[in-house]
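Asks: My questions all concern the structure below.
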Amino acid sequence: MIARLLLGLAVLFLLAFLISPDSFAGLFQPLTKNNAPAIYTQTSLLSLTLSHLGLVALAVAASTLVAVALGVLVTRPAGREFLPLARTVTSVGQTFPPVAVLALAVPMMGFGAGPTLVALFLYGLLPIFENTLTGLTNQRPEVTEAARAMGMTPRQRLWQVELPLAMPLILAGVRLSAVISLATATIGSTVAAKTLGEVIIAGLLSSNTAFVVQGGLVVGLLAILIYEGFQALEGRLSRRIGLAQG
Amino acid sequence: MIEIQNLTKRYDGNTVVDDVSLTVETGQIAALVGTSGSGKTTLLRMINRLVEPSAGRVLIDGQDTAAIAPYLLRRRIGYAIQGHGLFPHRTVAQNIATVPRLLNWPEAEIRARVDELLAMFQLDPTQFRDRMPHELSGGQQQRVGVARALAARPELLLMDEPFGALDPVIRAKAQEDLRALQRRLGTTLVIVTHDMEEAVALGDRIAVMDKGRLLQYAPPAEILTRPATPFVQELIGTGERPFRLLSLSRVADLVQPGEAPGAPISAEASLRDALADCLWTGRDRLPVDGGGVVTLAALRERAAGADIGSAARASAGSPAR
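In structure tokens:
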């Protein structure tokens, strides 16, 4: 109950701050030195937030599509031999530093949103892939057996039984990816992608802590809200299929 | 009619089912009994090709099942297993509708069939239609599992330890209901069980399996009175044999003219119940509802395996079509 109240307050605060940042100038004033501006005004915070979210959404959607497709492929009889390869690819995507991806991608794609998208996409593959794999392989054997025995074709089994039952776990993977990407997207501003990282970098360059804090605050709040939103959805799905109590 | 001909399954040189042949007549119940690892489940799963045979074949009404695509074959054959295997993300109605939906029945017909089945299994449709499987009790889940298996009116129903997860009281009721239902629908039924008592209670014929081989395939009375091998005898349990024999027949089969004092027994009760009644109340004859008596002497004779009307079970076994 209290948690829900806090979340509601967080949403209200975030919206108010994004719509009218100047009203909160007093809050950030103590963090500035030498009469520097308390609120970042170079670009509107709202438009930065929206483009930040758009970038993350696009990257996570692409990761989800590819990771789930990979997960499905390697759990089919015909694709089983690709499992080690898929594991390697997604692990490398996760361990390769996004900054390095940006550095490598810029010469090919130029500045802007492109390199950031690629970095976030690669970074987000692993959690979704691993969760899809777990979700598709750890199903109750009598249920998958029943699906077979009822006369479902392999395709029908996948769409009607296996994927729906794996959905809570897949969503958990998407949640992890989204939260990681939300934080990681800030570095995209080093190569001129429009993200909230712009505010943080501006703060770092001009030694204005107020900018750093407000950029970080918005990203942090977004991450919490998205995390909670996904978790609520997973909880509902799990309860529906009797996996969780409550 | 199902004809199983020289069916064999080998896994890496390990023979799990070894050259088994048996025939189940239309409308009859065949119970496959054996210890775990006897190959009974594998034999069952070869009938709907969940397991592909290494050798031999299965004919259903003369048609070789190897000639039918497995998923099409399975839509024609009902299948119910221990732990029911209901789809946890689908409602009771959606679960039952699984095969009709795969067969593209019209929506109205599916809805009517689901309600009909729920009512048949004593589950109020308005109350249970939209529930999720995990909201049901074990007995209810099991009934929905059987309802799902019967949804598309299959002529053949396969069951693998369907009552294994139920407690003894519910199990006895479930067996009785299944038997009544099977008689009414005339469905051919092959049921796997490790419990000889269940096999005797349900089977028109019992197939005893051990180490992949079929040791004996005969009506229950014959299995009980003339076990083919020491293993079959051991499985029956000699201590239980007279009681199992008695449980095969109804009081009506043994009623003789006469009169006796005391509370009457139903003509539909099993002879085992009659014996228990005699012993418990200290009587040597019981009046039967609708006239006549059943005597302790006759019960003893029957329990010793005398005059076991081999026809009794078979005639009771003819389906009401």
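For the record, the sequence lines run as chains A and B. Following our numbering, the residues of the first sequence are numbered contiguously, the last one being 246. Following our numbering, the residues of the second sequence are numbered contiguously, the last one being 567. We put the CB at the ideal spot given by N, CA and C, even for glycine.
Does the Cβ of Glu198/A have 16 or more other Cβ atoms within 10 Å, making it buried, or fewer, making it exposed?
Replies: Buried.
Asks: Which residues does DSSP pair with Glu249/B in a beta bridge?
Replies: Answer is Thr269/B, Leu305/B.
Asks: For the stretch 150–184 of chain A, which residues have a CB atom closer than 9 Å to at least one CB atom of chain B, in sequence order?
Replies: So the close ones are Met150, Gly151, Met152, Thr153, Pro154, Gln156, Gln160, Val161, Pro164, Leu165, Met167.
Asks: Could you tell me which whole alpha helix (DSSP H) segments of length 4 or greater appear in the stretch 331–381 of chain B?
Replies: You should have 338–342, 344–348, 353–366, 371–374.
Asks: Could you tell me the distance, in whole angstroms, from the CA atom of Val263/B to the CA atom of Tyr257/B?
Replies: Going by the C-alpha atoms only, they are around 10 Å apart.
Asks: Within 10 Å of its beta-carbon, does His330/B have 16 or more other beta-carbons around it, so buried, or fewer, so exposed?
Replies: Buried.
Asks: What residue range is occupied by the uninterrupted beta strand (DSSP E) comprising Leu222/A?
Replies: Note, Leu222/A: premise wrong, no beta strand (DSSP E); alpha helix (DSSP H) at 209–240.
Asks: Under 8 Å: do the stretch 140–149 of chain A and the stretch 91–104 of chain A share three or more Cβ pairs, one atom per stretch?
Replies: Contact between the stretch 140–149 of chain A and the stretch 91–104 of chain A is absent, because fewer than three Cβ pairs lie under 8 Å.
Asks: Measuring only the C-alpha atoms, how far is Arg4/A from Ala178/A?
Replies: So the alpha carbons of these two residues sit roughly 21 Å apart.
Asks: Do Val478/B and Lys286/B come within 8 Å of each other at the CB atom, strictly closer than that value?
Replies: Result no, Cβ atoms of Lys286/B and Val478/B do not sit closer than 8 Å.
Asks: Would you mind telling me which residues of chain B sit closer than 8 Å to Val143/A, beta carbon to beta carbon, in chain order?
Replies: Simply Gly331, Leu332, Phe333, Pro334.
Asks: Distance cutoff 8 Å, beta carbons only. Does Ile201/A sit that close to anything in chain B?
Replies: Closer than 8 Å: no.
Asks: Residues in its own chain within less than 8 Å of Ala558/B by CB, not counting five upstream and five downstream?
Replies: Only weak support exists for where Ala558/B lies, its pLDDT of 43 falling under 50; the value from the coordinates is given anyway. These residues qualify, in order along the chain: Ala467, Leu494, Ser495, Asp499.
Asks: Quick check on the DSSP output: the beta strand (DSSP E) that includes Thr571/B runs from which residue to which?
Replies: Summary: the structure shown does not reach residue 571/B, with chain B confined to residues 247 through 567, and so no result is reported for it.
Asks: For Ile327/B, return the contacting residues in chain A, with the cut-off set at a CB-CB distance below 9 Å.
Replies: In chain order: Glu142, Glu145, Ala146, Ala149.
Asks: Expressed to the nearest angstrom, what Euclidean distance is found between the alpha-carbon atoms of Phe230/A and Leu73/A?
Replies: Those two C-alpha atoms are separated by around 25 Å.
Asks: Taking any Cβ of chain A, which residues in the stretch 371–383 of chain B have a Cβ under 8 Å from it, in chain order?
Replies: Those would be Met378, Pro379, His380, Glu381, in chain order.
Asks: Which residues bound the alpha helix (DSSP H) around Arg322/B?
Replies: Segment 316–322, the alpha helix (DSSP H) holding Arg322/B.
Asks: Counting only beta-carbon atoms, is Thr288/B nearer than 8 Å to chain A?
Replies: Answer no: the Cβ-Cβ gap between Thr288/B and chain A never drops below 8 Å.
Asks: If you count every other CB in all the chains shown that lies within 10 Å of the CB of Glu298/B, and 16 or more means buried, which is it?
Replies: It is exposed - the Cβ of Glu298/B has fewer than 16 other Cβ atoms within 10 Å.
Asks: I need the straight-line Cα distance from Val68/A to Gly124/A, nearest angstrom please.
Replies: Roughly 12 Å between the two C-alpha positions.
Asks: Return the Cβ separation of Thr337/B and Asp376/B in integer angstroms, given the expectation that the two are a contact with Cβ distance under 8 Å.
Replies: About 5 Å separates the two Cβ atoms, so the contact holds.
Asks: Excluding sequence positions up to five away, which residues of its chain have a Cβ less than 8 Å from the Cβ of Phe28/A?
Replies: The answer, listed in chain order, is Ala38, Ile39, Ala210, Val213, Gln214.
Asks: Check whether the Cβ of Val205/B lies closer than 8 Å to any Cβ atom in chain A.
Replies: In this structure chain B extends from 247 to 567, so residue 205/B is not present and cannot be described.
Asks: Would Tyr257/B pass as an interface residue toward chain A - the criterion being a Cβ-Cβ separation below 8 Å?
Replies: Taking Cβ atoms only, chain A never reaches closer than 8 Å to Tyr257/B, which makes this a no.
Asks: Could you tell me whether any Cβ in chain B is nearer than 8 Å to the Cβ of Arg240/A?
Replies: Taking Cβ atoms only, chain B reaches closer than 8 Å to Arg240/A, which makes this a yes.
Asks: I'd like to know if Asn294/B contacts chain A, where contact means its C-beta is closer than 8 Å to some C-beta of that chain.
Replies: Cβ-Cβ to chain A under 8 Å: yes for Asn294/B.
Asks: Any contact of the stretch 427–434 of chain B with the stretch 456–476 of chain B, i.e. 3+ C-beta pairs under 8 Å?
Replies: Cβ pair count under 8 Å is below three, so no.
Asks: Here's a check: name, in chain order, each residue in its chain whose Cβ is nearer than 7 Å to the Cβ of Thr64/A, leaving out the five neighbours to either side.
Replies: Hits under 7 Å: Ile128, Val174.
Asks: In whole angstroms, give me the CA-to-CA distance for Gln309/B and Phe96/A.
Replies: Their Cα atoms are separated by approximately 59 Å.
Asks: Say whether chain B places a C-beta atom closer than 8 Å to the C-beta of Gln245/A.
Replies: With a pLDDT of 41 at Gln245/A, under the threshold of 50, the modelled position of that residue is not reliable, and the figure given next carries that caveat. Chain B, which has no Cβ nearer than 8 Å to the Cβ of Gln245/A, makes this no.
Asks: For Gln340/B, does the count of other Cβ atoms within 10 angstroms reach 16, so buried, or fall short, so exposed?
Replies: Buried: at least 16 other Cβ atoms inside 10 Å.
Asks: What whole-angstrom Cβ distance do Ala185/A and Thr134/A have, given they're in contact under 8 Å?
Replies: Rounded, the Cβ-Cβ distance is 26 Å, inconsistent with contact.
Asks: Is it buried or exposed, Gly12/A, if we count other Cβ atoms within 10 angstroms and call 16 or more buried?
Replies: Checking the displayed sequence, the identity of residue 12/A turns out to be Leu instead of Gly. Leu12/A comes out exposed.
Asks: Taking 8 Å as the cut-off, does the stretch 506–517 of chain B touch the stretch 528–540 of chain B (at least 3 CB pairs, one atom from each stretch)?
Replies: Yes, the stretch 528–540 of chain B is in contact with the stretch 506–517 of chain B.
Asks: For Gln386/B, which of Arg487/B, Gln368/B, Leu481/B has the nearest alpha-carbon?
Replies: Ranking Arg487/B, Gln368/B, Leu481/B by Cα distance to Gln386/B puts Gln368/B first.
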